[in-house]
Amino acid sequence: MRRRYLLLPLACLLGWFACEPQPTQSVSPQRQLPHAVAPSGSATPTAQTPPAQGLPAPVATAAPSADWQAIPEEMSQQLASEISRSDLPLAERLANLATLEAQWLDGKESLIGLQGRYALALTELANASEQLPLAERVAALTALQDQWAAQYPALASDLFNPDARLLQARQLWGDDELATLAQHFLPAANAEATLQFANQRQQQLAQRDRYQQQLAALEQQLTTSQGGMAGADWQQHRDAVISQWRQDFFAREQGQP
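The sequence shown begins at 1 in the UniProt record's numbering and counts up by one.
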C-alpha cells in the first residue's frame, strides 16, 4: 500500500476554524469572492481566475520527517474526514482524531492533527484578542506564527510563508484593513500588488452587481410589455433586446461612445 505524509491545504486548514460554531464571536472569515463580469456578449458574466496566493494544491505531500509517521492512504483519508466534520466543535474533532492516532500511530501525531491544533490556536487567538486594536491583534498573530514556524520548521514554507501568514490574517479579520495587513506581512512590492488586485476585484464585483440589477430590471420591463406577443416571435424579440442592451452595457463600462 502506498504510504505518504499528508499535508492538508491551507484553505482546508483555515476552513476548520472558519466553520467553527461560535455564536458570540465577531470574527469575520474572508468571504468567498463572487465571479466578476467580463466584457463579452455572453448571457452570463464570465468567471475570472484570481492569481495564485501561495495556496498548496488540493492535497500536497510534505517531505519525509522524523517528526511524523508515514500513514497509509486509507488512514489519511479517515483522519481528514474526522477533522473536517462541520457538525462538531473543532476541539471535539481534535479529541476524536487523537483517539484514532493513538490506535494507529503508536503515540505519534499526524500532520493532520498538528494542523488541526494550529487551527484551534488561531481560533483561540481570535477569541482572546477580538476587543484589541488591530495592531495588537496582528502582533499577537505574528508571534503565534513565529512560534509555530520555529517549532515546526518543516512546515514553515507551507503554513508560514508571507502569503500564508497574510491569508490567515484575512481569514480572521476580513479585508476592511487589508492595506495594513498586507504592509505588515508582505514585502512592499508584493503588498502593493495585493492591494491593486483587491481594488480591481472590487471594481469587477461592482460591475457584476450593476449588470445583474440592470438586466433584472430590463427583463421585468419586457415581461410587463409583452402584450399579446407569444411563442417564437416573443422569444426572438426578447433575445434581440437583451443582446443589444448587453452590448450597450459593456460599451458604457469600457467608456466607449
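For every residue, glycine included, the Cβ atom is placed at its ideal position computed from N, Cα and C. Just so we're clear, the structure is a prediction, and the values are computed from it rather than from any experiment.
Asked: Using DSSP with H/G/I as helix, E/B as strand and the rest coil, what is residue 28?; Found: Below a pLDDT of 50, predicted positions are generally treated as unreliable, and residue 28, at 35, falls in that range; no measurement from the model is reported.
Asked: Going by other Cβ atoms of all chains shown within 10 Å of its Cβ, with 16 needed for buried, is residue 223 buried or exposed?; Found: exposed
Asked: Please name the residue in 113, 133, 165 whose C-alpha comes closest to that of residue 144.; Found: 165
Asked: Assign residue 75 to one of three DSSP states: helix, strand, or coil.; Found: helix
Asked: Please state whether DSSP places residue 248 in a helix, a strand or coil.; Found: helix
Asked: For residue 87 and residue 121, what's the separation of their Cα atoms in angstroms?; Found: 19 Å
Asked: If you pair each beta-carbon of the segment 147–162 with each one of the segment 123–134, do three or more pairs fall below 8 Å?; Found: no
Asked: So, for residue 187: in the same chain, excluding its five sequence neighbours on each side, which residues have a beta-carbon less than 8 Å away from its beta-carbon?; Found: 162
Asked: Here's the rule: buried if 16 or more other CB atoms are within 10 angstroms of the residue's CB, otherwise exposed. What is residue 129?; Found: buried
Asked: Going by other Cβ atoms of all chains shown within 10 Å of its Cβ, with 16 needed for buried, is residue 158 buried or exposed?; Found: buried
Asked: Locate the alpha helix (DSSP H) running through residue 197, then write down its first and last residues.; Found: 188–224
Asked: I want to know whether the segment 230–242 touches the segment 192–203 - three or more CB-CB distances under 8 Å.; Found: no
Asked: Could you check how far apart the C-beta atoms of residue 167 and residue 141 are, in whole angstroms? I think they sit under 8 Å.; Found: At roughly 12 Å, the Cβ-Cβ gap does not stay under 8 Å, so residue 167 and residue 141 are not in contact.
Asked: Taking residue 75 as the reference, which of 89, 92, 97 has the closest Cα?; Found: 97
Asked: Should residue 110 be labelled buried (16 or more other beta-carbon atoms within 10 Å of its own) or exposed?; Found: buried
Asked: How close, in whole Å, do the beta carbons of residue 193 and residue 183 come, if the pair is a contact with beta carbons under 8 Å?; Found: With a Cβ gap of about 12 Å, residue 193 and residue 183 do not count as contacting.
Asked: Report the rounded CA-to-CA distance for residue 211 versus residue 181, giving the unit in angstroms.; Found: 31 Å
Asked: Could you give the distance in angstroms between the alpha-carbon of residue 40 and the alpha-carbon of residue 247?; Found: With a pLDDT of 38 at residue 40, under the threshold of 50, the modelled position of that residue is not reliable, and the figure given next carries that caveat. Cα to Cα, residue 40 sits roughly 8 Å from residue 247.
Asked: Is the CB-CB distance between residue 78 and residue 114 below 8 Å?; Found: no
Asked: Check whether the Cβ atoms of residue 155 and residue 123 lie closer than 8 Å to each other.; Found: no
Asked: Could you give the residue range of the alpha helix (DSSP H) that holds residue 127?; Found: 111–129
Asked: Starting from residue 132, trace the alpha helix (DSSP H) in both directions and tell me its first and last residue.; Found: Residue 132 -> no alpha helix (DSSP H), and no H or E assigned at all.
Asked: Among 254, 245, 119, whose alpha-carbon lies nearest the alpha-carbon of residue 216?; Found: 245
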